[in-house]
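Chains as they are written, first to last, in the numbering used here: chain C, 1 to 250; chain S, 1001 to 1250.
Number of protein chains: 2
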Amino acid sequence: MSSTAAARTAIPTVDAEYRPTSSKGRSSATFAAFGSSPGGETQPAGESQGRAAGTALAGQVLSFAEGREIYAEGDTVRSFYKVMHGVVRTCRFTSDGRRQIDGFHAEGEIFGLETGGEHRLSAEAVTDCCVVAYRWSGLDAFDGGEGATALTVFGFAMTCLKRSQAHALLLGRRSAAQKLASFLLDWAGRGTGECVDLAMTRQDIADYLGLTIETVSRTMSQFERDKLIALPSSRHVVLRNRAALQDLVD
Amino acid sequence: MSSTAAARTAIPTVDAEYRPTSSKGRSSATFAAFGSSPGGETQPAGESQGRAAGTALAGQVLSFAEGREIYAEGDTVRSFYKVMHGVVRTCRFTSDGRRQIDGFHAEGEIFGLETGGEHRLSAEAVTDCCVVAYRWSGLDAFDGGEGATALTVFGFAMTCLKRSQAHALLLGRRSAAQKLASFLLDWAGRGTGECVDLAMTRQDIADYLGLTIETVSRTMSQFERDKLIALPSSRHVVLRNRAALQDLVD
DNA sequence: CGTACCTTTGATGAAGTTCAACGATGGTGG
DNA sequence: CCACCATCGTTGAACTTCATCAAAGGTACG
Chain C
1 MSSTAAARTA
11 IPTVDAEYRP
21 TSSKGRSSAT
31 FAAFGSSPGG
41 ETQPAGESQG
51 RAAGTALAGQ
61 VLSFAEGREI
71 YAEGDTVRSF
81 YKVMHGVVRT
91 CRFTSDGRRQ
101 IDGFHAEGEI
111 FGLETGGEHR
121 LSAEAVTDCC
131 VVAYRWSGLD
141 AFDGGEGATA
151 LTVFGFAMTC
161 LKRSQAHALL
171 LGRRSAAQKL
181 ASFLLDWAGR
191 GTGECVDLAM
201 TRQDIADYLG
211 LTIETVSRTM
221 SQFERDKLIA
231 LPSSRHVVLR
241 NRAALQDLVD
Chain S
1001 MSSTAAARTA
1011 IPTVDAEYRP
1021 TSSKGRSSAT
1031 FAAFGSSPGG
1041 ETQPAGESQG
1051 RAAGTALAGQ
1061 VLSFAEGREI
1071 YAEGDTVRSF
1081 YKVMHGVVRT
1091 CRFTSDGRRQ
1101 IDGFHAEGEI
1111 FGLETGGEHR
1121 LSAEAVTDCC
1131 VVAYRWSGLD
1141 AFDGGEGATA
1151 LTVFGFAMTC
1161 LKRSQAHALL
1171 LGRRSAAQKL
1181 ASFLLDWAGR
1191 GTGECVDLAM
1201 TRQDIADYLG
1211 LTIETVSRTM
1221 SQFERDKLIA
1231 LPSSRHVVLR
1241 NRAALQDLVD
């Protein structure tokens, strides 16, 4: 982004192989505390994540200059990352050129934790920074019989995370029409065909999308006038022009 | 919420002990697919989560009538849940009485997956519904030596999820001043003392908070006029009245 | 048939965006 | 060293969108 930064470091630099204390003893202790009482983890995020250093996780240290891309939207997910120092942002770009930042990540924080093949966000260095990349392929974390349940629960967490991130991106600087279109398409996706049965009230929808009940109602009526949807009853929506709704969202 | 619903079922009903096929064979297969390529999970969320039924997870089936509370904000986290049928919402209430809905959860979806002792959200039945509660205390998922790394990575995911949910709640229907106050307090928390060194540009902040660069700048100036902060330089913020900023947020 | 809640619609106002211009800062090159 | 340039940040004025206030249909249920 800045020519200054480019002059300092052109390409991510591999600084070192990062393999901290791989003592099983400490790992077990960590495990026990976490596993027996998942509710017991009350320390701040930074410290919690800092515990990674106490496990068998090994990673590669990389440096990035300010403004450099760490990975791009659409890249294959090979690693997740921890910030050693500096600040990283994860973001997405909308078709109208706007940028939505999912989060800033400071020292000790994890980012890029995604499943599903491709990164749905890109990551960039806000300042010159140093990160550790932990490769998924090197992880034998979920091997062994007992790992199956852990894996399942981990999958749940990742799905919840994906949904939450999508929701946050939806709420940031999008019009009422975009929010509602996105909401309808989402629920159309859960059901079958073009009919959407809304289980919730307008108030629920409003509170979910960060709008008022009046705006939801007005926007819904506008969609109907524009022949994007039909409204046989207030809770029953028929998508008449899914493509147009999709265009609103992208 | 509706007296109708209350008449049908007053109190969550324990329907059954839910223990599906606990065949290790199928569990292992699930594990292998997931563990060897975390990026390989491309099926829709519903199906992915549906696989829970193939693991050793056991849970208790509960029924709730429309409008009933499944758990409240502040309750001790003892379980996480899967929707069998119906729709559930997870939400928070702000001090001014507004409600922010974190998400709707339909059949097959997981909710209430939290760590940290207390639920930060409450969960309510949008429709009459049926959920399975999986108790953390019964989980031996993270036992065994190999589980330590899994546990660590799981902890990362939960921390990311917590942050993402907080971000989504911040973006829904809050004023520019509230968003910015929350942002500054967050960064003040990461550093020490009352001085916040912002690593990012106004544009970055705007894209994170769902505002424009002009609004961020104007709000920052207003804070300075109101003696909430001092601005020795544009990237250097000194919190002069942390309590007042905190009041804005709550 | 009446009550309560949900939904829709209209009128008005405030908050934030957009467009535009100007000031500050830092790095570059003469 | 200073002038120049690019980027970042601030401020002002007009405009848009959405929230707020108010009131009137609809629907379900007792």
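For each residue, glycine too, the CB sits at the ideal point set by N, CA and C.
- Any Cβ of chain C closer than 7 Å to the Cβ of I1070(S) would place that residue at the interface, and such an atom is absent.
- Scanning chain S for C-beta atoms nearer than 8 Å to the C-beta of D75(C) yields nothing, as the closest lies near 10 Å away.
- At a cut-off of 7 Å between C-beta atoms, C1129(S) does not count as an interface residue with respect to chain C.
- Collapsing the DSSP output to three states places A1123(S) in a strand.
- Closer than 7 Å at the C-beta level to chain C, one finds these residues of the segment 1184–1206 of chain S: R1190, A1199, M1200 and D1204.
- One Cα belongs to R1190(S), the other to R68(C), and the distance between them is close to 23 Å.
- Within the DSSP bridge table, the entry for E1073(S) names no partner.
- When rounded, the separation of the alpha-carbon atoms in E66(C) and R1202(S) is 16 Å.
- For S79(C), there is no enclosing alpha helix (DSSP H); the residue is part of the beta strand (DSSP E) that begins and ends at S79 to H85.
- Taking 7 Å as the threshold, the shortest C-beta distance from H167(C) to chain S falls below it.
- In the structure shown, R89(C) adopts extended strand secondary structure according to DSSP, grouped into three states.
- Within the segment 1100–1130 of chain S, the residues whose Cβ lies closer than 7 Å to any Cβ of chain C are, in chain order, Q1100, I1101, G1103, F1104, A1106, I1110, L1113, T1115, G1116, G1117, V1126 and T1127.
- With a threshold of 7 Å between beta carbons, R235(C) makes no contact with chain S.
- Taking a 10 Å sphere around the C-beta of T1192(S), we find fewer than 16 other C-beta atoms and assign the residue as exposed.
- Judged by their CB atoms, R1092(S) and L1169(S) are nearer to each other than the 7 Å cut-off.
- Comparing alpha-carbon positions, the option among V238(C), R242(C) and F80(C) lying closest to Q60(C) turns out to be F80(C).
- Chain order gives the chain C residues near A1157(S) as L113, F154, A157, M158 and L161, where near means a beta carbon separation below 7 Å.
- Distances from the alpha-carbon of D1207(S) to those of T94(C), S217(C) and K162(C) put T94(C) closest.
- Within the same chain, and ignoring the five residues on either side of L245(C) in sequence, the residues whose Cβ sits closer than 7 Å to its Cβ are A181, L184, L185, L228 and L239.
- Within the model, the alpha-carbon separation for K179(C) versus R173(C) is close to 10 Å.
- Remark: fewer than three beta-carbon pairs, one from each stretch, lie closer than 8 Å, so the segment 125–133 of chain C and the segment 1120–1134 of chain S are not flagged as touching.
- Where S217(C) is concerned, the enclosing alpha helix (DSSP H) starts and stops at I213 to R225.
- Shown here for Y1071(S): same chain residues with a beta carbon closer than 8 Å to its own, the five before and five after excluded, namely G1112, H1119, S1122 and A1123 in chain order.
- DSSP places S182(C) inside the alpha helix (DSSP H), whose first and last residues are A176 to R190.
- Closest option to V1077(S), judged by alpha-carbon separation, among L1161(S), W1136(S), E1194(S) and I1213(S): W1136(S).
- A direct Cα-to-Cα measurement between G1117(S) and A243(C) gives close to 44 Å.
- Residue range R1099 to H1105 is occupied by the beta strand (DSSP E) that includes D1102(S).
- For T215(C), not one C-beta of chain S is nearer than 7 Å to its own C-beta.
- Closer than 7 Å to the CB of Y208(C) there is at least one CB belonging to chain S.
- Under the 10 Å beta carbon count, R98(C) is surrounded by fewer than 16 other beta carbons and is classified as exposed.
- Counting along the chain, D197(C) sits inside the beta strand (DSSP E) bounded by residues C195 to D197.
- In this model, F156(C) and A1150(S) are separated by some 14 Å (Cα to Cα).
- With a contact defined as Cβ atoms closer than 8 Å, T90(C) and D75(C) miss out at about 12 Å.
- Within chain S, L1171, A1206, D1207, L1209, G1210, L1211 and T1212 have C-beta atoms less than 9 Å from the C-beta of R173(C), given in sequence order.
- Around the Cβ of C195(C), a 10 Å sphere holds fewer than 16 other Cβ atoms; the residue is exposed.
- In the assembly as shown, L198(C) is a buried residue. Its beta-carbon has 16 or more other beta-carbons within 10 Å.
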